[in-house]
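**Student:**
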Amino acid sequence: MGTLIEVTDPSDPRLHDYSGLTDVELRKVREPAEGLFLAEGEKVIRRALAAGYPMRSTLLSPKWVEAMRPLIDDVDAPVYVGSEPLLEAVTGFHVHRGALASMQRTPVPDAGAVLAKARRVVVMEDIVNHTNLGAIFRSAAALGMDAAVLTPSCADPLYRRSVRVSMGTVFALPYARLDSWPGGLTTLDEHGFRTIALTPGPTAIDLRDLRFGPEDKVALLLGTEGDGLSDPAMAAAELRVRIPMAAGVDSLNVAAAAAVACYAIAVS
Numbered sequence: 050m051g052t053l054i055e056v057t058d059p060s061d062p063r064l065h066d067y068s069g070l071t072d073v074e075l076r077k078v079r080e081p082a083e084g085l086f087l088a089e090g091e092k093v094i095r096r097a098l099a100a101g102y103p104m105r106s107t108l109l110s111p112k113w114v115e116a117m118r119p120l121i122d123d124v125d126a127p128v129y130v131g132s133e134p135l136l137e138a139v140t141g142f143h144v145h146r147g148a149l150a151s152m153q154r155t156p157v158p159d160a161g162a163v164l165a166k167a168r169r170v171v172v173m174e175d176i177v178n179h180t181n182l183g184a185i186f187r188s189a190a191a192l193g194m195d196a197a198v199l200t201p202s203c204a205d206p207l208y209r210r211s212v213r214v215s216m217g218t219v220f221a222l223p224y225a226r227l228d229s230w231p232g233g234l235t236t237l238d239e240h241g242f243r244t245i246a247l248t249p250g251p252t253a254i255d256l257r258d259l260r261f262g263p264e265d266k267v268a269l270l271l272g273t274e275g276d277g278l279s280d281p282a283m284a285a286a287e288l289r290v291r292i293p294m295a296a297g298v299d300s301l302n303v304a305a306a307a308a309v310a311c312y313a314i315a316v317s
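In the working numbering, the protein residues as written are 50 to 317.
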């Protein structure tokens with residue numbers, strides 16, 4: 050059972066995991082280095098636990114204790130309870146969902162191990178916006194992708210904003226990070242994946258014309274915000290595919306485009 054511990058001092062060292070959550074640059078360094086990530090809200094915390102991430106501690110406002118009791122009673126980790134002003138002083142923002150949990154990271158699988166069990170994957174090249182990253186994970190999980198592959202410079206899927214936007218689906222979709230890029234594309238080739246570059250280029254194949262069978266192994270390449278896929282990635286892809294646009298619109302946000310393309314290539 051989680052032990053309820055009342056906290057009253059924002060500088061309490063036991064709350065170190067939760068401090069300064071609004072400092073993005075600091076947290077991007079601290080969390081991986083300290084082997085933790087933050088889950089926010091009952092649903093996301095539950096999904097993190099179900100995915101096998103150990104809980105380090107929980108930080109709650111008093112009115113959320115009873116709502117969270119089914120979770121905290123089953124976990125042997127301290128439960129810190131403090132007023133809403135205290136939570137805000139510690140984290141730097143108003144904790145709307147009333148519950149934060151510090152979770153222990155687990156080793157990220159090797160890309161080859163993830164690809165060996167997949168037939169439809171999304172490959173994210175240097176997606177650096179955490180909101181877009183979380184949205185892509187949510188769409189990929191919801192629309193039948195088997196896994197996600199990240200380039201070395203891609204943002205951290207376990208950063209709090211990515212986790213929150215994905216509604217915890219970052220825990221449901223297996224993912225791996227490549228050691229190099231575009232050299233890592235050889236890993237996809239070795240596992241028999243056909244690589245599909247998503248681009249707004251007018252000479253690309255219309256997404257509606259693609260036809261893949263359930264046994265085909267397909268990797269959808271998504272480029273960074275703004276510039277899209279790099280020239281080496283485009284050159285290495287087997288096919289270039291576009292989503293047809295109307296009303297003078299030239300392209301979609303990468304997260305929206307990912308959702309459309311994932312739906313199109315999902316195994317029916």
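We put the CB at the ideal spot given by N, CA and C, even for glycine.
1) In this structure, does DSSP put residue 272 in helix, strand or coil?
2) How should residue 69 be labelled, buried or exposed, when 16 other C-beta atoms within 10 angstroms of its C-beta is the threshold for buried?
3) Does residue 174 pass the burial test, meaning 16 or more other C-beta atoms within 10 Å, or should it be called exposed?
4) So, helix, strand or coil for residue 264, using DSSP?
5) Provide the residue(s) that pair with residue 294 in DSSP beta bridges, ordered along the chain.
6) Starting from the Cα of residue 303, find the closest Cα among 193, 117, 177, 98 and give me that residue.
7) Taking residue 227 as the reference, give the member of 221, 219, 204, 236 with the closest Cα.
8) Quick one: what does DSSP say residue 169 is sitting in, helix, strand or coil?
9) Within 8 Å, do at least three Cβ pairs link the segment 122-135 to the segment 101-110?
10) Does the beta-carbon of residue 238 have 16 or more other beta-carbons within 10 angstroms, so that it is buried, or is it exposed?
11) What is the DSSP secondary structure of residue 191, reduced to helix, strand or coil?
12) Along the chain, where does the alpha helix (DSSP H) containing residue 54 start, and where does it finish?
13) Skipping 5 residues on each side, what residues in its chain have a beta carbon closer than 6 Å to that of residue 256?
14) Over what stretch of residues does the beta strand (DSSP E) that includes residue 88 continue unbroken?
15) Taking the alpha-carbon positions, what's the residue 66 to residue 85 distance?
16) On the premise that residue 221 lies in contact with residue 196, defined as a C-beta separation below 8 Å, what is that separation, rounded to the nearest angstrom?
17) Per the DSSP calculation, residue 126 is bridged to which residue(s)?
18) Are residue 183 and residue 213 close, meaning C-beta to C-beta below 8 Å?
19) For residue 207, I'd like the list of residues in its chain whose CB is within less than 6 Å of its CB, leaving aside the five on either flank, ordered along the chain.
**Tutor:** Taking the geometry as given:
1) coil
2) exposed
3) Under this definition residue 174 is a buried residue.
4) coil
5) Answer by DSSP bridge pairing: none, since residue 294 is not bridged.
6) Nearest option by C-alpha distance: 177.
7) 236
8) Residue 169 falls in the strand class under three-state DSSP.
9) The answer is yes - the segment 122-135 touches the segment 101-110, with three or more Cβ pairs under 8 Å.
10) exposed
11) helix
12) Taken as a continuous stretch (DSSP letters only), residue 54 belongs to no alpha helix (DSSP H), being part of the beta strand (DSSP E) at 53-55.
13) 290, 292, 313
14) 85-89
15) 8 Å
16) 11 Å between Cβ atoms; not a contact.
17) Per DSSP, none; premise fails for residue 126.
18) A contact, by the Cβ cut-off of 8 Å.
19) 86
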